[in-house]
Amino acid sequence: MKKANRNTTGIIFNIQKFSVNDGPGIRTTVFLKGCPLRCKWCANPESQLVQTQILWNQKKCINCHHCIETCPQRAINISGAFIKINHDQCNGCKKCVNECINNSLDAQGEQKSVEEVLKIVLQDQVFYEESGGGLTLSGGELLLQPDFSRELLLAAKEEGLHTCCETTGFATEETFDRVMEQVDFILFDMKHWNTDKHIEGTGVSNKLPLLNMKHAIESGKTVLPRIPVIPGFNDSLSDAKEFSKKLHNIGINTCQLLPFHQFGENKYHLLNQKYDYENVPSYHPEDLKEYLNVFKENNINAFI
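Converting from the sequence shown to this note's numbering requires adding 76 to each position, the first position being numbered 1.
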């Protein structure tokens, strides 16, 4: 079998140790930058672009405007009381971050090699062995950086690690297969059962994700569909019934429901981006009892 190229690089924005919600056991989750979807409720808006992004914290800013003077790309300007970063102009040099007097700027996104990431992941190998855990790739979307994702997963397999990923499944079948070949357990996002509604909420069709999910199951992969339950988008009881039908058609009878939360709300402020779900109340497990029961009534083993 071909050995992993551990010099392959990719751009990531976080490495989270001791994750217990991203696959079986204790895991280290690596978050990759870049996503082809633009979900209106996205909890990680800083993950959407495959580049370093600068976040501005207005509460820390003392309005010295040194960042504007410092930026070699002239990517920073003032708009009323706000500092605005033009991400199309910014090249991620981080000079503004390094020279910010009051640490009001932060960079999200860093180029790392497979070897650099794996070195961090392997620090907790003993916990993976004891708990049945391992490495999980999340994002963003790992399929948007397929070469880096595949090499990192392959390197993890060479070290005897269990591999998992969280994916939207939005990629060609060829790209999907090439990466998923190295994945033991697939957490598969399922945003909506209806194509038009999926486009409305995410900006893309659900046809590729559904085809890839069915293909993965038919290929013998372990797949867990995960449905983010979003207020006013896919949270009706009729939605639950249609999701159940779709899952049966795909050939799977288990799914996980993820109640809508507001953990990412402040990130939109830091990015100076509009957030469509501003001040929308979060869902709690008890809010979804009827919704959950519809799945069970339709022979889908749904859980939260």
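Yeah, the Cβ is synthetic: ideal placement off N, Cα and C, and Gly gets one too.
Only counting the same chain, and skipping five residues up and downstream in sequence, which positions put a Cβ closer than 8 Å to that of residue i?
{"i": "Arg-150", "result": "Gln-165"}
{"i": "Gly-327", "result": "Lys-290, Ile-293, Glu-294"}
{"i": "Glu-318", "result": "Trp-269, Asn-270"}
{"i": "Glu-366", "result": "Leu-313"}
{"i": "Arg-254", "result": "Pro-222, Arg-226"}
{"i": "Glu-205", "result": "none"}
Let me know if residue i comes out buried or exposed under the rule of 16 or more other beta-carbons within 10 Å of its beta-carbon.
{"i": "Gly-215", "result": "buried"}
{"i": "Thr-278", "result": "buried"}
{"i": "Asn-174", "result": "exposed"}
{"i": "Leu-218", "result": "buried"}
{"i": "Ser-358", "result": "exposed"}
{"i": "Asn-310", "result": "buried"}
{"i": "Gly-245", "result": "buried"}
{"i": "Gln-129", "result": "buried"}
{"i": "Asn-162", "result": "exposed"}
{"i": "Lys-267", "result": "buried"}
{"i": "Cys-176", "result": "buried"}
{"i": "Lys-372", "result": "exposed"}
{"i": "Ile-154", "result": "exposed"}
{"i": "Glu-148", "result": "First, the amino acid is wrong: residue 148 is Pro here, not Glu. When all chains shown are included, Pro-148 counts as exposed."}
{"i": "His-274", "result": "buried"}
{"i": "Phe-158", "result": "exposed"}
{"i": "Lys-322", "result": "buried"}
Among the candidates the options, whose CA atom is the shortest distance from the CA of residue i?
{"i": "Cys-169", "options": "Ala-157, Cys-143, Tyr-351", "result": "Cys-143"}
{"i": "Asn-178", "options": "Asn-282, His-324, Glu-362, Lys-135", "result": "Lys-135"}
{"i": "Glu-341", "options": "Leu-219, Gly-110, Pro-121", "result": "Pro-121"}
{"i": "Tyr-344", "options": "Lys-160, Gln-187, Lys-93", "result": "Lys-160"}
{"i": "His-337", "options": "Leu-113, Trp-117, Lys-93, Lys-78", "result": "Trp-117"}
{"i": "Pro-304", "options": "Leu-364, Ala-247, Met-256", "result": "Leu-364"}
{"i": "Gly-110", "options": "Glu-186, Pro-307, Ser-95", "result": "Glu-186"}
{"i": "Glu-354", "options": "Pro-361, Pro-307, Leu-333, Lys-372", "result": "Pro-307"}
{"i": "Thr-248", "options": "Gln-221, Asp-272, Phe-158, Lys-321", "result": "Gln-221"}
{"i": "Lys-171", "options": "Val-370, Glu-145, Ile-154", "result": "Glu-145"}
{"i": "Asn-377", "options": "Pro-335, Val-356, Leu-346, Arg-302", "result": "Arg-302"}
{"i": "Leu-334", "options": "Glu-242, Phe-252, Leu-198, Phe-379", "result": "Phe-379"}
{"i": "Ala-183", "options": "Leu-347, Phe-252, Asn-81, Lys-78", "result": "Leu-347"}
{"i": "Val-202", "options": "Glu-235, Ile-154, Leu-286", "result": "Glu-235"}
{"i": "Asn-97", "options": "Asn-369, Leu-368, Cys-241, Leu-198", "result": "Cys-241"}
{"i": "Phe-339", "options": "Tyr-351, Gln-332, Cys-331", "result": "Tyr-351"}
{"i": "Arg-114", "options": "Thr-212, Glu-276, His-141, Gln-127", "result": "Glu-276"}
{"i": "Asn-133", "options": "His-360, Leu-368, Asn-369, Gln-349", "result": "Gln-349"}
{"i": "Cys-140", "options": "Leu-181, Val-126, Lys-79", "result": "Leu-181"}
CB-CB under 6 Å to residue i, same chain, minus the five flanking residues each way: which ones, in chain order?
{"i": "His-238", "result": "Gly-210, Asp-260"}
{"i": "Ile-138", "result": "Asn-178"}
{"i": "Lys-297", "result": "Ile-262"}
{"i": "Ser-189", "result": "Asn-83, Thr-85"}
{"i": "Asn-288", "result": "Gly-245, Phe-252"}
{"i": "Leu-284", "result": "Phe-246"}
Would the C-beta of residue i count as close to the ligand ZN, meaning under 7 Å from any of its heavy atoms?
{"i": "Pro-335", "result": "Absent from the structure shown: the ligand ZN. Ligands present: none."}
Output needed for residue i: all residues of its chain with C-beta closer than 7 Å, excluding positions within five of it in sequence on either side, in chain order.
{"i": "Lys-233", "result": "Thr-239, Gln-258"}
{"i": "Ser-207", "result": "Gly-101, Ile-102"}
{"i": "Lys-93", "result": "Thr-104, Asp-200"}
{"i": "Asn-375", "result": "Asn-329"}
{"i": "Met-256", "result": "Ile-262, Ala-292, Lys-297"}
Legend entry - 4 or more residues per run - each alpha helix (DSSP H) lying fully within the segment 168–228: Runs found: 171–175, 190–197, 201–207.
Inset, instruction - Determine contact between the segment 178–197 and the segment 89–107, defined as no fewer than three beta-carbon pairs at a distance below 8 Å. - result: At 8 Å Cβ cutoff, the stretches touch.
Inset, instruction - Can you check the segment 247–299 for any beta strand (DSSP E) of at least 3 residues that lies completely inside it and give the ranges in chain order? - result: Those beta strand (DSSP E) runs which fall completely within the segment 247–299 and span 3+ residues are 261–265.
Inset, instruction - For the segment 123–158, list the beta strand (DSSP E) runs that are entirely contained and at least 3 residues long, ordered along the chain. - result: As far as the segment 123–158 is concerned, its whole beta strand (DSSP E) runs of at least 3 residues are 129–132, 152–155.
Inset, instruction - Please confirm if the segment 80–89 is in contact with the segment 274–288, defined as three or more CB-CB distances below 8 Å between the two stretches. - result: Flag = no, the segment 80–89 and the segment 274–288 do not touch.
Legend entry - Meets three-Cβ-pair contact criterion under 8 Å: the segment 227–235 and the segment 113–127: No: the two stretches stay apart, fewer than three of their Cβ pairs being nearer than 8 Å.
Legend entry - Within the segment 329–359, ranges of the beta strand (DSSP E) (whole runs, at least 3 residues): Every beta strand (DSSP E) stretch that sits fully inside the segment 329–359 and reaches 3 residues is listed by chain position as 330–335.
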